[in-house]
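Asks:
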Amino acid sequence: MRVPGTIEKHDPEHQAHVCRFLGIPLHEYEDWLACYNIIHWRRFNNFLMELRDKIEECKRNKDQLCLTLNETLRLYGIEDRILNPIQEEHLLELTNRILDEHDLNWFLENHERIIEELEETFEKQNYEQHQGSA
Numbered sequence: 002m003r004v005p006g007t008i009e010k011h012d013p014e015h016q017a018h019v020c021r022f023l024g025i026p027l028h029e030y031e032d033w034l035a036c037y038n039i040i041h042w043r044r045f046n047n048f049l050m051e052l053r054d055k056i057e058e059c060k061r062n063k064d065q066l067c068l069t070l071n072e073t074l075r076l077y078g079i080e081d082r083i084l085n086p087i088q089e090e091h092l093l094e095l096t097n098r099i100l101d102e103h104d105l106n107w108f109l110e111n112h113e114r115i116i117e118e119l120e121e122t123f124e125k126q127n128y129e130q131h132q133g134s135a
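Per this note's numbering, the sequence shown starts with residue 2, numbered consecutively.
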């Protein structure tokens, strides 16, 4: 799973542009990129640890898991995505169901496939919504 917010190494031309923009020498690009990505990895890792604690506490107390919309969007790495109410409800139900049936590790291992299926569902919902309004 690619950690949300991290970036891949740019091509040499783009590296030079990034370094000019940041005001750093070109030979410091790789150090800058590593530090940049480490910050995102640590933030996401802390988020996952808090989420894992929440999930374990719910299971221990036999409570129903109920993630917030913000937690769910962050877990998928789509915090900046705007969803309609139907998509929000679907996302929350799907995620809570997955994490109820499986653990967080399973979710992370299958993250890419889950996102692909989610995108297909959203596209289908958008198509059906536009067909219904036409």
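Ideal Cβ placement from N, Cα and C applies to all residues, glycine included.
Please say whether I79 and L66 have beta carbons closer to each other than 8 angstroms?
Replies: Reading the sequence shown from its first residue, position 65 is the one you call residue 66. Reading the sequence shown from its first residue, position 78 is the one you call residue 79. The answer is no: Cβ separation not under 8 angstroms.
Asks: By the 10 Å Cβ neighbour count, where 16 or more other Cβ atoms means buried, how is F22 classified, buried or exposed?
Replies: To locate residue 22, count along the sequence shown from 1; it is residue 21. Exposed, since its Cβ has fewer than 16 Cβ neighbours within 10 Å.
Asks: Is it the case that the Cβ atoms of H92 and T73 are separated by a distance below 8 angstroms?
Replies: The count along the sequence shown starts at 1 and reaches residue 92 at position 91. The count along the sequence shown starts at 1 and reaches residue 73 at position 72. Reading off the sequence shown, one finds Leu at residue 92, where the question assumed His. Cβ atoms of L92 and T73: closer than 8 angstroms.
Asks: Please give me, in chain order, every unbroken run of the beta strand (DSSP E) with length at least 3 that falls completely inside the segment 5 to 31.
Replies: DSSP runs (the beta strand (DSSP E)) wholly in the segment 5 to 31: none.
Asks: Quick check on this structure: which residue in E120, N62, W42 and V19 has the alpha carbon closest to the alpha carbon of E89?
Replies: Mapped onto the sequence shown, residue 89 falls at position 88. For E89, the nearest C-alpha among the options comes from E120.
Asks: Can you name the start and end residues of the alpha helix (DSSP H) that R98 belongs to?
Replies: Numbered from its first residue, the sequence shown carries residue 98 at position 97. P86 to E102 is the extent of the alpha helix (DSSP H) around R98.
Asks: Can you grab the Cα-Cα spacing for the pair Q132 / K125, in whole Å?
Replies: As a position in the sequence shown, residue 132 is number 131, starting the count at 1. As a position in the sequence shown, residue 125 is number 124, starting the count at 1. Approximately 10 angstroms between the Cα atoms of the pair.
Asks: How big is the Cα-Cα spacing for E129 and L95?
Replies: Stepping through the sequence shown from its first residue, residue 129 is reached at position 128. Stepping through the sequence shown from its first residue, residue 95 is reached at position 94. Distance between the alpha carbons of E129 and L95: 19 angstroms.
Asks: Here's a check: name, in chain order, each residue in its chain whose Cβ is nearer than 6 angstroms to the Cβ of C20, leaving out the five neighbours to either side.
Replies: The count along the sequence shown starts at 1 and reaches residue 20 at position 19. Cβ neighbours of C20 beyond the five flanking positions: L27 and Y30.
Asks: DSSP three-state call for K125: helix, strand or coil?
Replies: Residue mapping note: residue 125 aligns to position 124 of the sequence shown, counting from 1. Note: K125 maps to helix in three-state DSSP.
Asks: Where G24 and V4 are concerned, what is the direct C-alpha to C-alpha distance, given to the nearest angstrom?
Replies: Here residue 24 refers to the residue found at position 23 of the sequence shown. Here residue 4 refers to the residue found at position 3 of the sequence shown. Near 26 angstroms, if we compare the C-alpha coordinates of V4 and G24.
Asks: Where does E118 sit, in a helix, a strand or coil, going by DSSP?
Replies: Position 117 of the sequence shown, counting from 1, holds the residue named residue 118. The answer is helix: DSSP assigns E118 an H, G or I state.
Asks: If I measure Cβ to Cβ from T7 and keep anything under 6 angstroms in the same chain, skipping five residues before and after, which residues do I get?
Replies: Within the sequence shown, numbered from 1, the residue matching residue 7 stands at position 6. Correct list, in chain order: N38 and H41.
Asks: Which residue's Cα is closest to the Cα of R53: E9, E118 and F108?
Replies: Working through the sequence shown from its first residue, we reach residue 53 at position 52. Selected option, being the one with the closest Cα: F108.
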